[in-house]
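To start, the structure under review is shown below, and the notes come after it.
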Amino acid sequence: MLSFFVLSLMYMLGRLIRSPTLDAWIKIELYQVILTILFVSGASFVLSTACAVDLSFFQYYLNLVDYSDPQSILPSNFEFSVDLFEASSIYLDSLQQKVYGSATEPGYYQLVKSVLMKWEVQVTRSEFKCPLACLIMPNGWSIDPGAGFYARMGAGYLALQTLVISTLSISSLRYMLEYASNGALLYIFPIGALFRSIPYMRGFGGALLALAVVLYLGLPFILFVNALLAYGIMVQLDPAMLAMPADCLVDGKGDCTAPMARMAATAAFTTVFMPALDFIFLVAFGRELSRIFGSELDLSRISQLV
36 MLSFFVLSLM YMLGRLIRSP TLDAWIKIEL YQVILTILFV SGASFVLSTA CAVDLSFFQY
96 YLNLVDYSDP QSILPSNFEF SVDLFEASSI YLDSLQQKVY GSATEPGYYQ LVKSVLMKWE
156 VQVTRSEFKC PLACLIMPNG WSIDPGAGFY ARMGAGYLAL QTLVISTLSI SSLRYMLEYA
216 SNGALLYIFP IGALFRSIPY MRGFGGALLA LAVVLYLGLP FILFVNALLA YGIMVQLDPA
276 MLAMPADCLV DGKGDCTAPM ARMAATAAFT TVFMPALDFI FLVAFGRELS RIFGSELDLS
336 RISQLV
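Under my numbering, the first residue of the sequence shown carries the number 36, and numbering increases by one thereafter.
Quick look at the structure:
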């Protein structure tokens with residue numbers, strides 16, 4: 036409405052001073068404002084439709100009958116009657132429980148931390164050996180039976196740091212998802228529509244509109260795709276490969292380094308590598324949207340993108 040009001044004043048001024056250049060500029064700007072309204076209306080319709088659509092159609096293609104099956108490629112508490120935001124939230128919560136753990140089930144981080152605590156106890160042990168001669172002479176020696184655990188602790192702390200980074204990555208994605216569901220449309224989208232209607236600010240307005248669309252549609256969708264790919268890798272691996280041996284949890288002895296490395300590698304792949312790849316796709320898609328809607332709204336290029 037503000038744009039129409041300003042253009043109306045400019046049109047009356049152009050008619051008053053009889054400037055053909057100003058009249059032509061006003062017609063072009065009026066065309067751009069109308070196209071912006073059409074784009075915002077279409078984008079609002081698409082966004083509202085995406086909010087109302089659940090994921091039931093994925094059930095037919097995935098052929099998942101028993102969702103409580105632990106070998107399923109989706110979390111056990113996943114339901115197809117939810118939308119993309121709820122599905123992504125369930126995936127991130129399940130991933131957080133698997134990487135960090137919960138009060139009922141220890142995760143990778145808690146298992147590795149427990150073994151490291153056992154190793155720290157082992158390296159502080161020392162024993163004094165005394166032969167029969169030390170009964171009459173002050174002869175004897177002190178030994179450290181846990182000195183060999185120092186080499187293991189280096190690998191263990193590296194795995195623990197990787198799991199901490201994975202936990203931070205999951206928490207960051209969770210907060211970003213909450214922001215996308217609550218703030219992307221309420222603030223970024225209206226501001227982008229306003230600046231898109233102002234001359235010489237179309238680039239900035241188009242960038243804000245593209246950012247809102249990418250956050251609200253692209254982020255939850257690509258996280259759901261991760262749930263189909265990454266979570267299935269974690270739950271379908273051989274449980275023995277990601278299980279900590281009982282000796283490691285008791286006194287820190289046994290082959291503990293290999294399970295730690297596999298846990299850290301699996302967590303890093305699903306929580307660091309794949310989200311980084313996701314954001315590359317989102318940035319590329321958002322840049323294309325911003326380039327299309329930033330300067331001149333070309334309907335032919337929009338149809339080609341679709």
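Glycine included, each C-beta is placed from N, C-alpha and C at the ideal position.
On the premise that residue j lies in contact with residue i, defined as a C-beta separation below 8 Å, what is that separation, rounded to the nearest angstrom?
i: S232; j: T306; result: Between T306 and S232 the Cβ distance is about 41 Å, and since that is not below 8 Å, they are no contact.
Compare the C-alpha of residue i against each of the options and name the closest.
i: L254; options: G287, F184, P310, A190; result: P310
i: Y144; options: L324, A296, E323; result: A296
i: L324; options: I257, L252, D282, V260; result: L252
i: L220; options: S204, G136, L208, A245; result: A245
i: S9; options: L258, A122, C283; result: The chain is shown only over 36 to 341; residue 9 falls outside these bounds and no answer can be derived.
i: A186; options: E155, S206, Q196; result: E155
i: Q1; options: T197, D282, S206; result: No statement about residue 1 is possible, as the shown extent of the chain runs from 36 to 341 and does not include it.
i: F8; options: V199, L198, V150; result: Only positions 36 to 341 of the chain appear in the structure, and residue 8 is not among them; the question remains open.
i: G142; options: R322, G287, L130; result: L130
i: L250; options: K288, R209, L264; result: R209
i: T301; options: G287, A281, A265; result: A265
i: A278; options: L127, E140, D128; result: E140
i: V211; options: R322, I327, L127, G321; result: It is worth fixing the name first, because residue 211 is Met in this sequence and not Val. That would be L127, whose Cα lies nearest to the Cα of M211.
i: V158; options: S137, G287, G321, I327; result: G287
Leaving out five residues before and five after residue i in sequence, what residues of the same chain have Cβ atoms less than 6 Å from its Cβ?
i: F230; result: M236, F239, G240
i: V260; result: none
i: F256; result: L119
i: L195; result: V147
i: D101; result: Here D101 scores only 46 on pLDDT, less than 50, and its place in the model should not be relied on; the value that follows carries that caveat. Within the same chain, D101 has no close Cβ partners at all.
Classify residue i: buried if its beta carbon has 16 or more other beta carbons within 10 angstroms, exposed otherwise.
i: V285; result: exposed
i: V134; result: buried
i: L146; result: buried
i: F308; result: exposed
i: L312; result: exposed
i: A122; result: buried
i: M276; result: exposed
i: C283; result: buried
i: M152; result: exposed
i: A262; result: buried
i: A228; result: buried
Would the beta-carbon of residue i be found less than 8 Å away from any heavy atom of the ligand FAD?
i: P234; result: In the structure shown, the ligand FAD is absent, as is every other ligand, since no ligand is present at all.
Return the chain-ordered list of same chain residues with a C-beta closer than 7 Å to the C-beta of residue i, the five sequence neighbours on each side being excluded.
i: I223; result: L243, L246, A247
i: A299; result: A194, T197, L198
i: I226; result: L243
i: G321; result: A245, L246, V249
i: G136; result: G142, Y144, Q145
Here's a check: name, in chain order, each residue in its chain whose Cβ is nearer than 8 Å to the Cβ of residue i, leaving out the five neighbours to either side.
i: A303; result: T197, I200, S201
i: P280; result: G289, D290, C291, P294
i: A138; result: none
Flag this pair as touching only if the segment 275-295 and the segment 184-200 have three or more C-beta atom pairs under 8 Å; answer yes or no. Three or more Cβ pairs closer than 8 Å define a contact, and the segment 275-295 meets that threshold against the segment 184-200.
Report yes or no: do three or more beta-carbon pairs, one from the segment 215-230 and one from the segment 311-320, lie closer than 8 Å? At 8 Å Cβ cutoff, the stretches do not touch.
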